[in-house]
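Read through the structure below, which is laid out as structure tokens, and then see the notes.
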Amino acid sequence: MRRVQSTAIPMPRNVVGEGAQRRRRRNRQQRIQMKLPTATVKQMVSSPRWISIALLCVSLYAMYTIGIKGDFYLTYIPVEGISTISPDEIVGASGLAGAHIFSASPEQAAARINELPGVISATVTLEWPNLVHIAVQEDTPVAIWQQAGKEYWINNQGYLMPARREMPELLHIQSESTEVMEDAEGNLLRAFIPLELLAGAQQLQALRPNLGTLYYRPNDGLSFDDPQGWRVYLGVGTNMHQKLVVYQAIVTDLQERSLQPEYISVSNPTKPYYRAFGLRS
1 MRRVQSTAIP MPRNVVGEGA QRRRRRNRQQ RIQMKLPTAT VKQMVSSPRW ISIALLCVSL
61 YAMYTIGIKG DFYLTYIPVE GISTISPDEI VGASGLAGAH IFSASPEQAA ARINELPGVI
121 SATVTLEWPN LVHIAVQEDT PVAIWQQAGK EYWINNQGYL MPARREMPEL LHIQSESTEV
181 MEDAEGNLLR AFIPLELLAG AQQLQALRPN LGTLYYRPND GLSFDDPQGW RVYLGVGTNM
241 HQKLVVYQAI VTDLQERSLQ PEYISVSNPT KPYYRAFGLR S
């Protein structure tokens, strides 16, 4: 058996100069330096602190944009359901004119409108970005109360409210009372009249539509001027038909006796009285 011997031949070694080694080290350092910013950015993006700061910046920018843009301010405010109250009065009471959509409170605006005399209820709705709508249920005047040179409307419940425009078709009641109606700021002090007074006036208007202005005194109630030249006192209440029947009977009797009355009172129809010129009965 032959023995085979082998010998390993060594590979030649690369001899690198010092200059090449320095270049390799410099390249490795540059590669490391180039990787550092990317790693830092990844850490920043994934950091909760930086995420919060980014969200804060976006929110501040959005708030700034919304705050300065006119698209988010309430400049056009339609009002429906009114006939006697002006839209300007409703909008002014709401406090919404020119307000920012974020600062506007529909509940508070409706509450302020409800405080206006003559308003039964109000509803305010807001829509993004600057839409607002006001719906009002308005009270209806049934008569006009005149006192001390001023006019007030009377609603069906006897409450007084400012007369906002002329309504000659309504029943007019001229109060001859000296009671103060308003304070120094023009606010109504007496905001209610007795329902029996209003009911009597409405009944008189229905029975005699051409009576014209009715008059009121606290002690005598309602009265009117007869076209023949005297005052007729009827008190208050809803028995005006009976009182007018008694009144007409007295007029007929006086005319038959050629007497001219100064006034006739049927406030109590069971105990009427009159005063004639030159005669008192």
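Residues 1 to 281 in our numbering are what the sequence shown lists, from first letter to last.
Ideal Cβ positions, reconstructed from N, Cα and C, are used throughout, including at glycine.
Three or more Cβ pairs closer than 8 angstroms define a contact, and the stretch 119-126 meets that threshold against the stretch 134-141.
Annotation: Lys271 is outside any beta strand (DSSP E) and is labelled neither H nor E by DSSP. For Met240, the enclosing alpha helix (DSSP H) has its first and last residue at Met240 to Glu256. Inter-residue distance for Pro209 and Asp225 is about 14 angstroms (C-alpha atoms, whole angstroms). Annotation: Pro269 to Gln202 spans about 19 angstroms, alpha carbon to alpha carbon.
When only Cα atoms are considered, Lys271 and Asn239 end up about 14 angstroms apart. Per DSSP, the continuous alpha helix (DSSP H) segment holding Ser94 begins and ends at Pro87 to Ser94. A check of alpha carbon separations from Tyr216 across Ile82, Ala93, Val251 and Ser177 identifies Ser177 as the nearest. Within the model, the alpha-carbon separation for Ser86 versus Glu80 is close to 11 angstroms. In this structure, Glu179 lies away from Val236, with their beta-carbon atoms at least 9 angstroms apart. Contact between Leu198 and Leu204 does not hold, since the beta-carbon distance rounds to 11 angstroms and is not under 8 angstroms.
Rounded to the nearest whole angstrom, the CA to CA distance from Asn130 to Gly95 is 15 angstroms. At a Cβ-Cβ threshold of 9 angstroms, Leu170 and Ala143 count as neighbours. Between His100 and Tyr73, the gap from beta carbon to beta carbon is short of 9 angstroms. Within the same chain, and ignoring the five residues on either side of Ala97 in sequence, the residues whose Cβ sits closer than 6 angstroms to its Cβ are Val91.
When the five nearest sequence neighbours on each side are left out, the beta carbons in the same chain lying within less than 8 angstroms of the beta carbon of Asn155 are those of Gly118, Asp139, Thr140, Pro141, Val142 and Met161, in order along the chain. Leaving aside the five residues that flank Gly158 on each side, the residues in its chain whose CB is nearer than 6 angstroms to its CB run, in chain order, Phe192, Ile193, Leu195 and Leu198. Taking Arg231 as the centre and dropping the five residues before and after it, the same chain places the C-beta of Ser223, Asp225 and Tyr263 closer than 7 angstroms to its C-beta, in chain order.
Taking 9 angstroms as the cut-off, the Cβ atoms of Thr213 and Trp153 do not count as close. Spatial neighbours of Arg165 in its own chain (CB-CB distance under 7 angstroms, excluding positions within 5 residues in sequence) are listed in chain order as Thr84. Taking C-alpha positions only, Ala276 is separated from Leu259 by approximately 6 angstroms. If you draw a straight line from the Cα of Glu256 to the Cα of Ala249, it comes to about 11 angstroms. Taken through DSSP and simplified to helix, strand or coil, Asp225 comes out as strand. Here Lys243 has Leu234, Val266 and Pro269 as same chain residues with Cβ atoms under 6 angstroms from its own Cβ, once five neighbours each way along the sequence are excluded.
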